[in-house]
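Undergrad:
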Amino acid sequence: MRKPVIAGNWKLHKTVAESIQLVEALNREAAGVSDIEIVVAPVYTALQNVAEVLAESNIAVAGQNCYPVNSGAFTGEVSPALLKDIGCRYCIVGHSERRQLFGETDAFINAKIKALISEGLGVIFCIGETLEERESDQMYEVLTRQIREGLKDIPADAMQQVVIAYEPVWAIGTGKTATNQQAAEAHAFIRGLLQGFYNEELAGQTRILYGGSVKPDNVDGLMAQEDIDGTLVGGASLKAEDFVRIINFKRG
Ligand code: PGA
Numbered sequence: 019m020r021k022p023v024i025a026g027n028w029k030l031h032k033t034v035a036e037s038i039q040l041v042e043a044l045n046r047e048a049a050g051v052s053d054i055e056i057v058v059a060p061v062y063t064a065l066q067n068v069a070e071v072l073a074e075s076n077i078a079v080a081g082q083n084c085y086p087v088n089s090g091a092f093t094g095e096v097s098p099a100l101l102k103d104i105g106c107r108y109c110i111v112g113h114s115e116r117r118q119l120f121g122e123t124d125a126f127i128n129a130k131i132k133a134l135i136s137e138g139l140g141v142i143f144c145i146g147e148t149l150e151e152r153e154s155d156q157m158y159e160v161l162t163r164q165i166r167e168g169l170k171d172i173p174a175d176a177m178q179q180v181v182i183a184y185e186p187v188w189a190i191g192t193g194k195t196a197t198n199q200q201a202a203e204a205h206a207f208i209r210g211l212l213q214g215f216y217n218e219e220l221a222g223q224t225r226i227l228y229g230g231s232v233k234p235d236n237v238d239g240l241m242a243q244e245d246i247d248g249t250l251v252g253g254a255s256l257k258a259e260d261f262v263r264i265i266n267f268k269r270g
């Protein structure tokens with residue numbers, strides 16, 4: 019059985035005080051949830067305070083990004099070791115905003131995943147096609163490349179630390195969610211890739227989240243799909259009420 023993961027990616031939102039307020043509310047509302055892994059990814063400046071509030075809780079804290087080297091002359095960067103130092107258990111890697119706005123390549127993303135794994139952190143590894151790629155029938159090719167290159171030389175036993183998030187770029191922040199069927203097809207394809215690159219057992223154990231305009235009113239349909247093991251939520255993770263409703267998705 020794959021334990022579902024519901025992760026909130028706050029992106030560049032919220033001050034420290036606002037972040038604390040949000041996680042205090044989540045902590046109250048989701049304290050009893052044990053069958054779902056809950057993760058929040060605040061901005062760097064709020065990570066430590068959020069990690070302190072959540073220290074004894076069932077909610078894990080994630081970085082939104084990292085640099086694949088633990089220390090050195092890398093002005094402006096934050097490393098896996100430093101994320102771990104302040105209590106993070108996960109880090110998001112390869113988000114489409116990083117790929118598109120900051121030019122991150124599959125090879126760079128692969129280096130980050132390796133660095134996080136060796137630090138013992140969990141990885142939320144994002145992949146997904148653009149609208150143009152989908153419409154020109156390149157979607158499967160793109161997903162195959164992102165998985166092959168992103169997970170290059172990552173051994174099967176380290177894959178326990180990796181959660182994959184399928185986020186079609188055209189669905190992120192647009193209000194346009196993939197239909198349940200589109201998401202289910204992509205997830206089944208990704209699971210097939212894991213089976214091909216690794217093996218059936220690993221493919222069956224790896225959690226694959228859906229992301230892209232997940233909201234309280236579409237989460238139930240998405241979570242009813244066999245291969246969808248959770249969601250990576252942007253906009254709707256910024257309001258306690260919405261995120262709590264997503265955590266409490268109904269399996270139908
Ligand atoms: P969204 O963002 O839910 O606001 O579409 C999802 C994401 O970027 O992870």
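Residue 270, in the working numbering, is where the sequence shown stops; the numbers in between run on with no holes. By construction, the Cβ of each residue, glycine as well, lies at the ideal position given by its N, Cα and C atoms. In this text the structure is predicted, and so the values were computed from the model without any measurement.
Assuming valine 96 contacts isoleucine 142 (C-beta within less than 8 Å), just tell me the rounded distance between them.
TA: Incorrect: roughly 16 Å between the Cβ atoms, too far for contact.
Undergrad: Reducing DSSP to helix, strand and coil, say where threonine 162 ends up.
TA: In this structure, threonine 162 counts as helix in the three-state DSSP scheme.
Undergrad: Using the Cα positions of isoleucine 182 and leucine 256, report the straight-line distance between them to the nearest angstrom.
TA: For isoleucine 182 and leucine 256, the distance between alpha carbons rounds to 22 Å.
Undergrad: Do three or more CB pairs link the stretch 220-233 to the stretch 183-191 at distances below 8 Å?
TA: In short, these stretches touch, since the Cβ pair count reaches three.
Undergrad: In the DSSP assignment, find the alpha helix (DSSP H) that holds isoleucine 145 and state where it starts and stops.
TA: Isoleucine 145 -> not in any alpha helix (DSSP H); beta strand (DSSP E) instead, spanning 140-145.
Undergrad: Does DSSP put glycine 168 in a helix, a strand or coil?
TA: In the structure shown, glycine 168 sits in a helix (DSSP, three-state: H, G or I).
Undergrad: Thinking C-alpha only, which one of Gly168, Leu44, Asn76, Gln156 is nearest alanine 254?
TA: Nearest C-alpha to alanine 254: Leu44.
Undergrad: On the DSSP bridge list, what partners appear for cysteine 109?
TA: Bridge partners of cysteine 109: Gly81, Val141.
Undergrad: Expressed to the nearest angstrom, what Euclidean distance is found between the alpha-carbon atoms of glutamate 151 and valine 180?
TA: Each residue's alpha carbon lies about 25 Å from the other.
Undergrad: Applying the criterion that 16 or more other CB atoms from any shown protein chain within 10 Å of the CB defines a buried residue, is arginine 357 buried or exposed?
TA: No answer is possible for residue 357: it lies beyond the span of the chain, which begins at 19 and ends at 270.
Undergrad: Between alanine 64 and the rest of its own chain, which residues show a CB-CB distance below 6 Å, the 5 nearest in sequence each way excluded?
TA: Once the five neighbours on either side are set aside, the close Cβ partners of alanine 64 are Val34, Ser37.
Undergrad: Indicate whether aspartate 245 and alanine 196 have their beta-carbon atoms separated by less than 8 Å.
TA: It is not a contact, given that the beta carbons lie outside the stated cut-off.
Undergrad: Kindly indicate which three-state DSSP category alanine 133 falls into: helix, strand or coil?
TA: Alanine 133 falls in the helix class under three-state DSSP.
Undergrad: Assign serine 89 to one of two classes, buried (16 or more other C-beta atoms within 10 Å of its C-beta) or exposed (fewer than that).
TA: Serine 89 is exposed by the Cβ-count criterion.
Undergrad: Does the stretch 204-213 come close enough to the stretch 231-242 that 3 or more CB-CB pairs lie under 8 Å?
TA: Short answer: they don't touch.
Undergrad: Report the rounded CA-to-CA distance for glycine 94 versus aspartate 103, giving the unit in angstroms.
TA: If you take the alpha carbons of glycine 94 and aspartate 103, they lie about 17 Å apart.
Undergrad: Helix, strand or coil, according to DSSP, for glycine 248 in the structure here?
TA: It is a strand residue.
Undergrad: Quick one: what does DSSP say asparagine 27 is sitting in, helix, strand or coil?
TA: The answer is strand: DSSP assigns asparagine 27 an E or B state.
Undergrad: In three-state terms, what does DSSP make of alanine 59?
TA: Correct three-state label for alanine 59: strand.
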